[in-house]
Amino acid sequence: VNTRKHPLGIPPPSENDWPKDEEDFFLLDPDRERDALPQPFRMISKLVMQVFESAMEIIESREMLREAQKLKVQPKKCFPTAEFQVTERANCLAVSGKYVFVGLSEGLSAFNTCDFKDVCAWDAAKTEICAIHALDLGNECHVLLAVDEMGLVWLFCFHKESFLLVKILNEVEDISQRSTCVEQVLSRGGDYAGILLQGNTKAWLEIYQLPKDSWLTEMEKNAGAAEGLAYSERRSSCLSKVGTFLLQELPVSAIQGDVELDLPVLLLTVRPPKPITGTSFKGPLDALEEVDDDSMLGLGYNHLIKDSQWELQEAIFCSTYREYLEAEGVTKEEIPRHATFHFLLPSRILMGPEMEVQPDIPVGIGVHWDGNHNFCLYLLNHSLKEKADSDLIPDVVWPCAAPIACSAVSSCSRYLALAGEDATITIWDKHLGYPLSVTAILEERFIRSIHFL
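If you count by this note's numbering, then the sequence shown holds residues 153 to 605, one letter each, in order.
Written out as structure tokens, the structure is:
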């Protein structure tokens with residue numbers, strides 16, 4: 153009898169028991185075990201399979217993206233329904249009513265949107281028009297602000313398919329004193345026009361009142377006289393030629409050639425705020441006498457900080473943050489040369505208790521200059537004495553924590569959006585005077601423009 157002295161045990165695994173073929177040997181067909189590729193063909197086959205699998209992954213991802221794009225709302229493609237040809241290079245265009253006004257390399261041209269035909273052209277000055285603003289005044293009358301290549305602002309009145317030059321707003325006799333227009337705005341309804349001008353070393357804003365009521369009255373009188381003249385000429389032509397009727401109309405440009413319209417009135421000249429310097433007051437009473445209303449925040453000029461205190465504070469600041477100032481460089485404060493302005497409808501802030509205003513006519517403007525913390529509001533009913541003052545004082549000052557980068561006003565003029573250079577957008581209710589919302593954008597972002605939808 154053979155008996156085991158020790159219990160039966162399982163021998164430990166060793167490297168001799170490892171499979172010599174591929175790791176996924178158990179997935180291979182047993183019948184094709186002898187058909188396995190030898191090296192290096194087996195390595196080449198593995199590389200080819202990896203390339204094939206990666207290609208399939210790319211194809212699947214692209215198909216998923218294509219299916220996701222199909223689920224999104226596709227934008228509607230719009231194709232032009234008609235076109236009109238211009239004789240020269242077109243620089244800009246503006247739409248007002250049923251007319252399209254195009255600024256050309258030499259003059260202006262007007263097209264009718266009904267038949268897309270050239271209605272009228274103006275090239276008397278042979279100047280290139282670079283920007284146009286147009287507005288419909290009603291009764292087939294339109295007002296245009298056109299800026300040429302030299303920065304001159306041309307004020308036109310378009311009536312009965314004819315251009316009529318009213319005035320060049322920034323024209324001066326001395327060429328060295330000529331200013332350049334960088335921005336022009338027409339108020340809703342065409343009651344006011346604003347232009348931002350830049351000279352050699354300074355900039356300012358001019359607000360004009362447009363006598364549109366007198367323009368419309370003059371145009372109606374002129375149109376009636378032209379119709380009577382055309383009727384008399386047609387009647388004389390019919391009487392002179394028996395059996396024939398010749399319908400002859402006097403050209404509109406010739407009819408309106410002798411029309412003289414009232415010139416716009418300069419209401420305000422707003423200049424940028426001056427840098428704050430040391431006080432010129434001897435005591436607190438002198439500073440308080442300069443403040444008209446203690447309920448309103450000012451621009452910061454009526455203070456009691458002396459020049460020596462400014463210099464001491466600047467020296468302490470420079471010594472504390474010397475390494476940062478040397479790395480970024482120090483820029484000297486300069487007078488700003490660009491501003492953003494809006495025409496504002498009546499509100500509780502701009503309206504006095506005894507003011508009689510119309511709800512659809514602007515009563516003031518809001519202005520902020522680049523790099524400034526204050527949004528200034530000016531009334532449009534200043535007296536002649538205030539208008540002649542070179543440093544016009546704002547009626548309301550809206551201070552902000554950071555310099556204002558851009559601004560927007562809603563169509564009803566009630567809501568004001570101010571975006572600071574710290575990438576913070578604040579929506580204000582001008583009627584109540586408190587913020588409705590404050591939104592902070594991501595860091596290291598700069599807001600260039602905002603709009604109400």
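Just so it is clear, CB atoms sit at the ideal spot from N, CA and C, and this is done for glycine as well.
Paired residues, beta bridge with Thr492 - DSSP: His520
C-beta atoms of Tyr360 and His294 nearer than 8 Å: no
Delimiting residues of the beta strand (DSSP E) encompassing Lys319: Phe315 to Ile320
Inter-residue Cα distance where the pair is Leu594 and Cys470: 29 Å
Helix, strand or coil at Ser213 according to DSSP, with G and I counted as helix: helix
Own chain residues within Cβ distance below 6 Å of Val417, not counting five before or after: Gln361
Proximity below 8 Å, CB of Leu496 to CB of Val561: yes
Delimiting residues of the alpha helix (DSSP H) encompassing Asp137: The chain is shown from 153 up to 605; residue 137 falls before or after that span and cannot be answered.
Span separating the alpha-carbon of Ala286 from that of Ala246: 6 Å
Which residues DSSP lists as bridging Leu110, in chain order: With the chain running from 153 to 605 in the structure shown, residue 110 is simply not present.
Cβ neighbour criterion (16 or more within 10 Å) applied to Met371: buried
Among Trp306, Gly341, Thr576 and Asp270, the one whose alpha carbon lies nearest that of Ala277: Trp306
Run of the alpha helix (DSSP H) containing Cys470, from where it starts to where it stops: Asp459 to Thr472
Short Cβ contact (8 Å threshold) for Gly523 with Pro488: yes
Burial state of Gly117 (16 or more Cβ within 10 Å): Since the first and last residues shown for the chain are 153 and 605, residue 117 lies out of range.
Of the listed residues Gly303, Ala491 and Ile545, nearest to Pro555 (C-alpha basis): Ala491
Glu280 vs Glu301 beta-carbon contact at 8 Å: yes
Among Gly290, Asp438, Phe433 and Ala467, the one whose alpha carbon lies nearest that of Lys458: Phe433
Extent of the continuous beta strand (DSSP E) run through Ser248: Ala242 to Ser248
DSSP bridge partner residues for Phe253 (one or two, in chain order): Ala246 and Ala262
Beta-carbon contacts of Glu573 that lie in its chain and below 6 Å, excluding the five residues immediately before and after: Ala554, Pro555 and Ala557
Where Phe310 sits in the DSSP three-state scheme: strand
Separation of Leu529 from Leu502, as counted between CA atoms: 8 Å
Cα-Cα separation between Leu289 and Ile577, rounded to whole angstroms: 35 Å
Classification of Glu358 by the beta-carbon crowding that lies within 10 angstroms, buried from 16 upward: buried
Rounded C-alpha distance that separates Lys229 from Glu219: 20 Å
Three-state secondary structure (DSSP) of Ala283: strand
Own chain, CB closer than 7 Å to Cys266, minus 5 neighbours either side, in chain order: Lys250
Reference Thr353, options Lys373, Pro424, Ala283 and Leu316, closest by Cα: Pro424
Residues near Asn264 by beta carbon distance below 7 Å, same chain, minus five either side: Lys250, Tyr251 and Val271
Pair within 8 Å by beta-carbon distance, Asn526 and Trp550: yes
Under the three-state DSSP convention, the category Leu588 falls into: strand
C-alpha distance - Ser248 paired with Glu292, whole-angstrom precision: 10 Å
Residues of its chain near Leu588, where Cβ-Cβ distance is below 6 Å and the 5 sequence neighbours each way are ignored: Ile579 and Asp581
Contact check, Ser559 vs Leu570, beta carbons under 8 Å: yes
N-terminal and C-terminal residue of the beta strand (DSSP E) that Pro551 is part of: Val548 to Pro551
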